[in-house]
């Protein structure tokens, strides 16, 4: 899994 | 975007529309915690700073603007237009007990040590507990108008739907966001008690009343 997720959720 | 997240976001949108409808139709904000609403406005403003430098999608952009604008509008309605209908003496939760620990948690758990990322973490932790002043108020008064309980149910459904969304994303995108997931599970758990009364009473046509 990605360590630093994109904040694409609200 | 998957169906759980879309339904979750729509449920969030619905909750705000129900809240506005409640205030406008009863011309009153009785039963609504100003502190919870102020915390939500803080959550949206600190989280959506990326509006200024990061483009995700039109959907994402429009929703962010809507959440910031509507939360500020609710504060305006409560503070000015319907001020006399708000009773601060029952809205007594100490928000500093939430803000302080959330700031500490953000300093401990974040993805990058930059101001926007720290504020993002802070907003995630704060959102998970922002409903507490509202639930505390409900406990104190022991009852709620039906439309207020629909507002809370829609808000709780939004949080609950984000959980299958994360499970889905784990499997399909190999994506996991441990900060959002942990805080999201805590946040959803806070609604369990409320949901129990909502399903067993309000949806059966009875008034929302807590046992004495």
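Chains as they are written, first to last, in the numbering used here: chain C, 1 to 10; chain G, 1001 to 1212. Every residue, glycine too, gets a C-beta built ideally from N, C-alpha and C.
Interface residues of chain C around residue 1180 of chain G at Cβ under 9 Å? Counting from 1 along the second chain, the entry for residue 1180 of chain G is found at position 180. Listed along the chain, the chain C residues whose CB falls inside 9 Å of the CB of residue 1180 of chain G are 5, 7 and 9.
DSSP has residue 1208 of chain G in a bridge; who is on the other side? Looking up residue 1208 of chain G in the second chain gives position 208. According to DSSP, which records beta bridges pairwise, residue 1208 of chain G is partnered with G:1144.
Among the candidates G:1153, G:1182 and G:1018, whose CA atom is the shortest distance from the CA of residue 1166 of chain G? The count along the second chain starts at 1 and reaches residue 1166 of chain G at position 166. Looking at the Cα atoms, G:1182 is the closest of the given residues.
For the alpha helix (DSSP H) that residue 1077 of chain G lies in, which residues bound it at each end? Here residue 1077 of chain G refers to the residue found at position 77 of the second chain. For residue 1077 of chain G, there is no enclosing alpha helix (DSSP H), as DSSP gives it neither H nor E.
Could you check the C-alpha separation between residue 1206 of chain G and residue 1051 of chain G for me, to the nearest Å? Your numbering for residue 1206 of chain G matches position 206 in the second chain. Your numbering for residue 1051 of chain G matches position 51 in the second chain. If you take the alpha carbons of residue 1206 of chain G and residue 1051 of chain G, they lie about 43 Å apart.
With distances taken between CB atoms, is the gap from residue 1144 of chain G to residue 1138 of chain G smaller than 8 Å? As a working mapping, residue 1144 of chain G is identified with position 144 in the second chain. As a working mapping, residue 1138 of chain G is identified with position 138 in the second chain. Closer than 8 Å, so yes.
Using beta carbons (cut-off 8 Å, strictly below), is residue 956 of chain G in contact with chain C? Since the first residue shown for chain G is 1001 and the last is 1212, residue 956 of chain G is missing from the structure and cannot be characterised.
Taking residue 1118 of chain G and residue 1107 of chain G to be in contact with their CB atoms under 8 Å, please state how far apart those CB atoms are, rounded to whole angstroms. Start at 1 with the first residue of the second chain, and residue 1118 of chain G comes out as number 118. Start at 1 with the first residue of the second chain, and residue 1107 of chain G comes out as number 107. Contact holds; Cβ gap of about 7 Å.
Give the interface partners of residue 1094 of chain G over in chain C, defined as CB-CB distance under 7 Å, in chain order. On the second chain, position 94 is the one that residue 1094 of chain G refers to. Here the premise fails: no neighbours, minimum Cβ distance about 28 Å.
So residue 1064 of chain G contacts chain C; which residues on that side make the cut at Cβ distance below 9 Å? On the second chain, residue 1064 of chain G is found 64 positions in, with the first residue counted as 1. Near residue 1064 of chain G (Cβ distances below 9 Å), the residues of chain C are 10.
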